[in-house]
Amino acid sequence: MSKKEQRERNYRDIFRREHEILSKAEKLSSQESPEPSELREGFAALTRGFQRLLDTASKMTRIGDSVQRQLVDTQRELRKALREKEELNKHLTELAAEKDEYLGFAAHDLRNPLSNVIMGLEMMQDHVEMSREEWQGIVSDSTDECRRMLELLSNLLDVNRIETGSMVWEIREFCPREAASLVVENFRKRAEKKEQTIEFDEPEEPISAMGDPQAYLQILENLISNALKYSPVGSVTRVSFHRSVGFLRTEVRDEGPGLTSEDHKNLFGKFARLSARPTGGENSVGLGLAIVKSLAEAMHGRVGCWSKLGEGSVFYFEIPVHEQ
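Here the sequence shown stands for residues 11 to 334, where the numbers follow the numbering used here.
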C-alpha cells in the first residue's frame, strides 16, 4: 500500500462514523415517504455526528493554535540563540585580536630592554678591565631596563587579572594620607634622577576612606609615574587631596606638555598612544591609565583628567570616604 493510499485509509477511519451517518441520511432522502420515526432517528444521528465533527474541528483548531504558538516561540528562541552566537563570535574575535595586540606590544617592548641588558653584560664580560665607574654605569642602566620590563609584564598581568575577574579586592577602611606619603617618598629618587621635584600637600586633619589599600597605592603609583615620565627637567609634580560629597579626591598635577582633544578620546583605553612622549626615554605601553580606571571603578570610584595642550595636566581619582 502506497503512502497516499494509507493516508486516505486513515482519513476514512477517522471520519467513519460521519460517513455512516451521511449514508443513512442519503437513504432516507431517497425514500418517497420515510417513517417519521426513521426521520427523527436520522436527524438525531446527523445532529450527533455534526456535534462530534464540530468538537473535533474545535479541538484541531486549538491544537493548531498551540502548535502555531510553539512554532513562533521556537522561532523567537532560535533568533535569540543566533544573535547570542553572533555576539559570542564577535567577542571571541575581539579577544583574539586583543591577544595578538598584547603579544605584539609585549614582544616589541621587551626586545629593546633585553637587547640592552645583553649588550651591557657582554661588555662586562669582554672588558673585565673596565673601571668601577663604567661597571656601575652598565649595572645601573641594566637595572633600569629590567625595571621597564617588570613594569610592562606587571601591567599585562594586571590587565589579565582584572578582565578575567581573578583579582581579589579587599574593600575596607584605610588612611589615604599614609599611603600617599609612602608612594611620594618612593618616587623622590626617580624624580631627582630627572632633576624634577615631587611635592605632597599633606593634609593636617586625619582622612579615612573605603577601598582596597593596595589598589589605591597602585593607582597613585601609575599616576605619579606618568607625571614624572612626561614632564621636563626642572618641573614639579604635586600630589594633593580634596573632599567632595561622599568622596575623597586624590590629584596628581604635572607640568608636562598637556593633552590634545584627540588624546582625551582614548585617554583611559588600553594601549592608548598619546601625542606626548616620555622625556627621558622611558617605556610607554599604554596600559597604565586603563588599569587606573579599572581599579578605581572596582572601589566604586571614578577617574578623570583636566588638561590643556601646553599647560600640563591634572589626573585625579575619587573613592568613597568613610563616614565616622
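Ideal Cβ positions, reconstructed from N, Cα and C, are used throughout, including at glycine.
None of the values given here were measured: they were computed from a predicted structure.
Determine the DSSP secondary structure at L269, reduced to helix, strand or coil. DSSP, read as helix, strand or coil, puts L269 in coil.
Is it true that the CB of A189 sits closer than 9 Å to the CB of P216? Result no, Cβ atoms of P216 and A189 do not sit closer than 9 Å.
Run through DSSP, which three-state label would T153 get? Reduced to three states, the DSSP call for T153 is helix.
Residue range of the beta strand (DSSP E) that includes A219: Taken as a continuous stretch (DSSP letters only), the beta strand (DSSP E) holding A219 covers A219 to G221.
In chain order, which continuous runs of the beta strand (DSSP E) of length 3 or greater are located wholly inside the stretch 285-324? As summarised for the stretch 285-324, the continuous beta strand (DSSP E) elements at least 3 residues long and confined to that stretch are 312-317, given in chain order.
Residues that V246 bridges to, as DSSP identifies them: Paired residues: T207.
Taking Cβ to Cβ, would you say F278 is nearer than 9 Å to K303? The answer is yes: Cβ separation under 9 Å.
F184 lies in the beta strand (DSSP E); which residues open and close that run? Per DSSP, the continuous beta strand (DSSP E) segment holding F184 begins and ends at R182 to F184.
Terminal residues of the beta strand (DSSP E) in which V262 lies: Judged by DSSP secondary structure, V262 falls within the beta strand (DSSP E) whose first and last residues are F257 to D264.
Compare the Cα-Cα distances from M133 to each of H101, W145 and S245 and report the closest residue. That would be W145, whose Cα lies nearest to the Cα of M133.
Do I128 and G221 have their C-beta atoms within less than 9 Å of each other? It is not a contact, given that the beta carbons lie outside the stated cut-off.
Going by CA-CA distance only, name the one from F281, V324, A308 and G314 that's closest to N165. Nearest C-alpha to N165 among F281, V324, A308 and G314: F281.
Less than 9 Å between the beta carbons of M309 and I181, yes or no? With contacts defined by Cβ atoms closer than 9 Å, M309 and I181 form a contacting pair.
H252 in three-state terms, based on DSSP: Of the three classes helix, strand and coil, the one that applies to H252 here is strand, per DSSP.
Burial state of G320, where buried means 16 or more other Cβ atoms lie within 10 Å: It is exposed - the Cβ of G320 has fewer than 16 other Cβ atoms within 10 Å.
If G266 and G322 are in contact, beta carbons under 8 Å, what's the gap, nearest whole angstrom? With a beta-carbon spacing of about 6 Å, G266 and G322 fall inside the 8 Å limit used to define contacts.
Straight-line gap, E161 to V193 (C-alpha atoms, nearest Å): Cα to Cα, the separation comes out at about 16 Å.
Are the beta-carbon atoms belonging to C185 and S141 less than 9 Å from one another? Taking C-beta atoms as the reference points, C185 and S141 fail to come closer than 9 Å.
Option in K275, D154 and S125 with minimal Cα separation from L299: Here the closest residue by C-alpha is K275.
Does DSSP classify E328 as helix, strand or coil? Reduced to three states, the DSSP call for E328 is strand.
Given this structure, state the Cα-to-Cα distance separating L258 from S250, to the nearest angstrom. Cα-Cα distance, rounded: 11 Å.
State the CB to CB distance for the pair E209 and R248, rounded to an integer number of angstroms; the pair is presumed to be in contact (CB under 8 Å). Contact holds; Cβ gap of about 5 Å.
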